[in-house]
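Visitor: Can you keep this structure in mind? I'll have questions shortly.
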Amino acid sequence: MNSRYRQAVSNILGRRSIRRFDERPVEKEKVSLILECAFAAPSAGNARPTHVVIVDDRPVLNALAEVLPYGKMLSKAPLAFIVCADTSGSDIARLYWEEDCAAAMQNILLAAYALELGGVWLGVHHAPERVHAVRNLIKIPDNIEVLGITAIGYPAEKKDPHEGIPEGKIHVNQW
Ligand SMILES: Cc1cc2nc3c(=O)[nH]c(=O)nc-3n(C[C@H](O)[C@H](O)[C@H](O)COP(=O)(O)O)c2cc1C
11 MNSRYRQAVS NILGRRSIRR FDERPVEKEK VSLILECAFA APSAGNARPT
61 HVVIVDDRPV LNALAEVLPY GKMLSKAPLA FIVCADTSGS DIARLYWEED
111 CAAAMQNILL AAYALELGGV WLGVHHAPER VHAVRNLIKI PDNIEVLGIT
161 AIGYPAEKKD PHEGIPEGKI HVNQW
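Residue numbers (the numbering used here): 11 to 185.
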C-alpha cells in the first residue's frame, strides 16, 4: 500500500467525535485549510449551495451551547462552523442541499482530524426549534437552510479508532 492510501485510510478510521477541548485557539491557517476542504466536497449538479458561518466569539459560542441540548461542549470549544445552504440558485440545490452540506460537514471533520484537531457534528436541521434558535442568534436569513454545526478545537480526550466492518450490514448483489 502506498503512503497516500495509508494516510487517507488512517485519517478516516481515526476520526472520532471529540467533545472535550483544551484552551488552545485554532490557528487561522488551519481554519482556512478546513474551509478549503469543506468547499471541496462533492455537490449534486455542481450547484454548490453550501455556506459556512465561522463562530470564534466566546459569547456567541456560549449562546449556541445554551440553545442546543446536545451541544453543551460549544461552551468550551474555541471554534465552530455552522454549515448552511442557499438553495435559491437552482432546483437541484433545493433537492440535494442536505447531502451537499453533509458532505461538507464530513470534510470539515476529516480535515480537522488531519490537522491534529478534534470535532463533533451537532445536528440542527431535523429539530425545528434548534434551527429557529440558531437562526435567531446568528441572524441567518429565512431563505437560508441550516444543516448543522461542527464544534472544533484541540482535543482533550482520546478515543480508539474505528475498525472492522459491522457484521450483517453488507449485502452482495441482493439484500
Ligand atoms: C447528523 C448527526 C448529528 C449529530 N448530532 C450530535 C449532537 O447533537 N451532539 C453530539 O454530541 N454528537 C452528535 N453527533 C455525533 C454522533 O453522536 C457520533 O458521530 C456517534 O456517536 C459516533 O461516534 P464517532 O463520531 O466517534 O464515530 C451527530 C452525528 C451526526 C452524523
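The beta carbon of each residue, even a glycine, is placed where N, CA and C say it ideally should be.
For proline 138 and lysine 149, I'd like the C-alpha separation in whole angstroms.
Guide: For proline 138 and lysine 149, the distance between alpha carbons rounds to 16 angstroms.
Visitor: Flag this pair as touching only if the segment 50–70 and the segment 166–183 have three or more C-beta atom pairs under 8 angstroms; answer yes or no.
Guide: At 8 angstroms Cβ cutoff, the stretches do not touch.
Visitor: Between the Cα of leucine 84 and those of Asn153, Leu132 and Asn146, spot the shortest distance and give me the residue it belongs to.
Guide: Answer by Cα proximity: Leu132.
Visitor: Give, in chain order, every unbroken run of the alpha helix (DSSP H) that is at least 4 residues long and sits entirely within the segment 135–174.
Guide: Runs of the alpha helix (DSSP H) inside the segment 135–174: 138–148.
Visitor: Evaluate alanine 121 with the Cβ neighbour count: other Cβ atoms within 10 Å of its Cβ, from every protein chain shown; 16 or more gives buried, anything less gives exposed.
Guide: Counting Cβ neighbours within 10 Å, alanine 121 comes out buried, since at least 16 surround it.
Visitor: Ordered along the chain, which non-local residues of its own chain (more than five positions away) have a Cβ less than 6 angstroms from that of glycine 128?
Guide: Closer than 6 angstroms at the Cβ level, and outside the excluded window around glycine 128, lie Ile28 and Pro165.
Visitor: Since glycine 99 and alanine 57 should fall inside the 8 angstroms C-beta cutoff, what is the C-beta to C-beta distance between them, to a whole number of angstroms?
Guide: About 6 angstroms; that satisfies the 8 angstroms criterion.
Visitor: Indicate, with yes or no, if ligand 1 has a heavy atom lying under 8 angstroms from the CB of serine 20.
Guide: No; taking the cut-off as 8 angstroms, the Cβ of serine 20 has no heavy atom of ligand 1 nearer than that.
Visitor: Relative to ligand 1, is the shortest distance from any of its heavy atoms to the C-beta of methionine 83 smaller than 8 angstroms?
Guide: Because some heavy atom of ligand 1 lies under 8 angstroms away, the Cβ of methionine 83 counts as near it: yes.
Visitor: Which same chain residues, not among the five before or five after alanine 73, have their C-beta less than 7 angstroms away from its C-beta?
Guide: Closer than 7 angstroms at the Cβ level, and outside the excluded window around alanine 73, lie Leu147.
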